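> Sequence lines, in order, name chains F, U and L.
For the first sequence, counting from 1, position 152 maps to 1560 in the numbering used here; every step adds exactly one.
For the second sequence, counting from 1, position 128 maps to 130 in the numbering used here; every step adds exactly one.
For the third sequence, counting from 1, position 36 maps to 47 in the numbering used here; every step adds exactly one.
Backbone N, C-alpha and C fix where the C-beta goes; we use that ideal spot for every residue, glycine too.
Everything numeric in this text was worked out from a predicted model, so none of it was measured.
Here it is, the structure, as structure tokens.
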Amino acid sequence: MWWKIIIFFGMSAVIVAAFLTASPMRAADSLGAVDAYRILYFHVPQAWVASLAFLISMIYSIRFLKTKNMEYDTKALTANKLGVMFAVVATVTGSIFAKMTWGEFWNWSEIREVSIFILLLIYGGYFALRSAVSDPDTRANLSAVISIIFAVAALFLIFVLPRIYGLFSQHPSDSILNESGQITMGATVRIIFFSSLIMFTALFFWVYNLSVRVARLSANLLLENKK
Amino acid sequence: MPIQSVSWVSKTLAVTRKDIVSEFRTRYAVNAIVMFALVTLTVISFAIGLLSPSKEILSALFWVILFFAAMSGLAQAFIKEEESGTAMILRLSCAGSIVFFGKMLFNLLLLITLSILIVPLFIVFLKISPADWIIFTGGVLMGLIGLSGATTIIAAIVSKASVKGALFTVLSFPVLLPLLVAAIEITRVSFTGGSFADISAPFQLLVAYDVIMITLSSMLFDFVWRL
Amino acid sequence: MNPNFVVMIVTLIIWVGLFLYLFSLDRKVTRLEKKSES
Chain F
1409 MWWKIIIFFG MSAVIVAAFL TASPMRAADS LGAVDAYRIL YFHVPQAWVA SLAFLISMIY
1469 SIRFLKTKNM EYDTKALTAN KLGVMFAVVA TVTGSIFAKM TWGEFWNWSE IREVSIFILL
1529 LIYGGYFALR SAVSDPDTRA NLSAVISIIF AVAALFLIFV LPRIYGLFSQ HPSDSILNES
1589 GQITMGATVR IIFFSSLIMF TALFFWVYNL SVRVARLSAN LLLENKK
Chain U
3 MPIQSVSWVS KTLAVTRKDI VSEFRTRYAV NAIVMFALVT LTVISFAIGL LSPSKEILSA
63 LFWVILFFAA MSGLAQAFIK EEESGTAMIL RLSCAGSIVF FGKMLFNLLL LITLSILIVP
123 LFIVFLKISP ADWIIFTGGV LMGLIGLSGA TTIIAAIVSK ASVKGALFTV LSFPVLLPLL
183 VAAIEITRVS FTGGSFADIS APFQLLVAYD VIMITLSSML FDFVWRL
Chain L
12 MNPNFVVMIV TLIIWVGLFL YLFSLDRKVT RLEKKSES
């Protein structure tokens, strides 16, 4: 109960601080409107949550294959449903940020844009597979297998893409990510940023928990109606 | 007559040989894959052949042709088993991993046959030839191993779906992306001429990808095969 | 008015609405769970 209150006030505090404190980007180094960088307080946590959701679904997929318990399949599916929503939001906010700072909505030589796009493709593939199989048992097994394969492929991409795109990226570099990709943030910025990360994660787990309970309830209801 | 113990290697090769023989009779897969690659190559040659595309672009196009040909030709690896009713016998007679490696070997042979036909035509139509044949052949070989290694299990997954359509391509692309990135890089270096040092990173990635994907697929294959 | 302030107010409104919705949903689900247990 109390953690919901924490989520409420925490997220509210993040929102207030994100807009009332100084912009995370120094005016001298920024490209475009310096205030546009405030979106990073929200965009990065969204992308993080989308990846976290996918990781969770992979873990539940492994557990499903080991135990064949359908509850795990439901949990994996729910995680992916939420994950794709966050991924879409992250892609859109990222695209808006790109337009405001780098001048274009999309650019294939920008590794972060490519990464989130591939995450969307992975989610798309997962749901395409689920809708292509009618038998629930087969569907659960195949979804679990493809989740694991996708996760391993995604891990490869995380390590591949930076190396390849280090060569190709013509992007003017901001000062948030310097040459080696480290994030340089002032103290205030760091507090707000990590609080936002924590709040988004907590929010995700709350919504995830709710969704799983709803799925469980409706499954039980279906069973009872059949009796 | 004493029962001889047959090694799993010869069992695997038996599965491959069975596929080769049945393929020889009907030539469905080999026709599909070669004609598709041929048509794609022709379209590309018509479209941009006269514009003297750069070696970088051509190395990417080379793998585009191979990728889409593989998408069209490898999807049916398990479908014809299910349709002709021989799947049950396969399941009863040998372990899942034998079927997996047998099919994978067959797919690899299919792709190698395709390459032997397409590479000379590619060189002739687009007026490009590898500066370093060792790098080129090594890259293509490793890439084809990864291609068949990663897509065999996906073909098995798709064979269980009720609505197949473009499912194979949708599922394969995110999985094959690391392979494509590395293979295109190696081919590019082989076209423009470079040292072994240039390709050491993508080559290591390719080898790692092949090993990990084949291992992962062979571990997960039974979960799909035994449904 | 400072544009940052406007955006903040709008965001806060959206957030409060979302939170209240989630909170009421949480209560409904808890009630349903208790009902199906009994």
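1. Run through the region 82-163 of chain U for me and flag every whole alpha helix (DSSP H) of 4 or more residues, listed as ranges in chain order.
2. Which value, in whole angstroms, describes the spacing of the CA atoms of LEU1529 (chain F) and ILE1556 (chain F)?
3. Note down, in chain order, every chain F residue with its Cβ under 8 Å from the Cβ of LEU208 (chain U).
4. Look up LEU204 (chain U) in the DSSP assignment and say whether it is helix, strand or coil.
5. If you measure from the beta carbon of LEU1471 (chain F) to each beta carbon in chain L, is any gap under 8 Å?
6. Within the same chain, show all residues whose beta-carbon is closer than 7 Å to that of ALA1498 (chain F), passing over the 5 residues directly before and after it, in chain order.
7. Find out if the Cβ-Cβ distance for the pair ALA185 (chain U), TRP10 (chain U) is shorter than 8 Å.
8. By Cβ distance, which residues of its chain are closer than 7 Å to ARG31 (chain U), with the 5 residues on each side in sequence left out?
9. Tell me which same chain residues have a C-beta within less than 7 Å of the C-beta of LYS1483 (chain F), skipping the five on either side of it?
10. Whole angstroms is fine: what's the gap from ARG42 (chain L)'s alpha carbon to SER164 (chain U)'s?
11. What residues from the region 1601-1627 of chain F come within 8 Å of chain L, judged by C-beta to C-beta, listed N to C?
12. In chain U, what lies closer than 8 Å to GLY1532 (chain F) by C-beta?
13. Quick check: the region 126-143 of chain U against the region 46-64 of chain U, are there 3 or more CB pairs under 8 Å?
14. Identify the continuous alpha helix (DSSP H) that holds ASP37 (chain L) and give its terminal residues.
15. Does the beta-carbon of ALA212 (chain U) have 16 or more other beta-carbons within 10 angstroms, so that it is buried, or is it exposed?
16. How long is the line joining the alpha carbons of TYR1445 (chain F) and ILE24 (chain L), rounded to whole angstroms?
17. Can you tell me whether TRP1410 (chain F) is helix, strand or coil according to DSSP?
18. From this set, F:GLU1518, F:ALA1548, F:PHE1567 and F:SER1603, which residue's C-alpha is nearest ILE1423 (chain F)'s C-alpha?
19. Among F:ALA1430, F:ILE1599, F:PRO1432 and F:ALA1562, which one has its Cα closest to the Cα of LEU1460 (chain F)?
20. Could you check if ALA1458 (chain F) belongs to the surroundings of the ligand COA, using beta carbon to heavy atom distance under 7 Å?
21. Using a Cβ-Cβ cut-off of 8 Å, state whether LEU179 (chain U) counts as contacting chain F.
22. Helix, strand or coil for LEU76 (chain U)? Go by DSSP, reduced to three states.
23. Within the same chain, show all residues whose beta-carbon is closer than 6 Å to that of SER220 (chain U), passing over the 5 residues directly before and after it, in chain order.
24. Using 8 Å for Cβ pairs, my map puts ILE216 (chain U) next to PHE205 (chain U). What's the rounded Cβ distance?
25. Quick check on MET12 (chain L) - is its C-beta less than 8 Å from some C-beta in chain F?
26. Thinking C-alpha only, which one of F:PHE1416, F:ALA1425 and F:GLY1533 is nearest TRP26 (chain L)?
27. Taking any Cβ of chain L, which residues in the region 1412-1425 of chain F have a Cβ under 9 Å from it, in chain order?
28. For ALA168 (chain U), does the three-state DSSP call read helix, strand or coil?
29. Are the CB atoms of ILE1554 (chain F) and GLY1533 (chain F) nearer to each other than 8 Å?
Reading off the structure:
1. 89-95, 98-128 and 135-161
2. 15 Å
3. None at all; the shortest Cβ gap to chain F is about 10 Å.
4. Per the sequence shown, residue 204 (chain U) should be read as Pro rather than Leu. Helix at PRO204 (chain U).
5. Residue identity check: residue 1471 (chain F) is Arg in the sequence provided, not Leu. No, its Cβ sits nowhere closer than 8 Å to a Cβ of chain L.
6. The beta carbon of ALA1498 (chain F) sits closer than 7 Å to those of HIS1451, GLN1454, ALA1455, ALA1458 and ILE1524, all from its chain and outside the five residues before and after it, given in chain order.
7. In terms of Cβ geometry, ALA185 (chain U) and TRP10 (chain U) do not form a close pair [threshold 8 Å].
8. Before going on, a small fix: residue 31 (chain U) reads as Ala here, not Arg. The residues are GLU25, GLY75, GLN78 and LEU112.
9. Excluding five sequence positions before and after LYS1483 (chain F), the CB atoms of its chain that fall closer than 7 Å to its own CB belong to TYR1468 and VAL1620, given in chain order.
10. 39 Å
11. TRP1614, VAL1615, LEU1618, ARG1621, VAL1622 and LEU1625
12. Within 8 Å Cβ-Cβ: VAL172.
13. yes
14. 14-48
15. As written in the sequence, residue 212 (chain U) is Asp, which differs from the Ala given in the question. The Cβ neighbour count for ASP212 (chain U), taken over all protein chains shown within 10 Å, is at least 16; the residue is labelled buried.
16. 21 Å
17. TRP1410 (chain F) falls in the helix class under three-state DSSP.
18. F:SER1603
19. LEU1460 (chain F) has its Cα closest to that of F:ALA1562, out of F:ALA1430, F:ILE1599, F:PRO1432 and F:ALA1562.
20. No copy of the ligand COA appears in this structure; indeed no ligand is present at all.
21. yes
22. coil
23. SER99 and PHE102
24. Contact flag wrong, Cβ pair sits at about 17 Å.
25. no
26. F:PHE1416
27. Hits within the stretch, in order: LYS1412, ILE1415, PHE1416, MET1419, SER1420, ILE1423 and VAL1424.
28. coil
29. With a cutoff of 8 Å on beta-carbon distance, ILE1554 (chain F) and GLY1533 (chain F) are scored as near each other.
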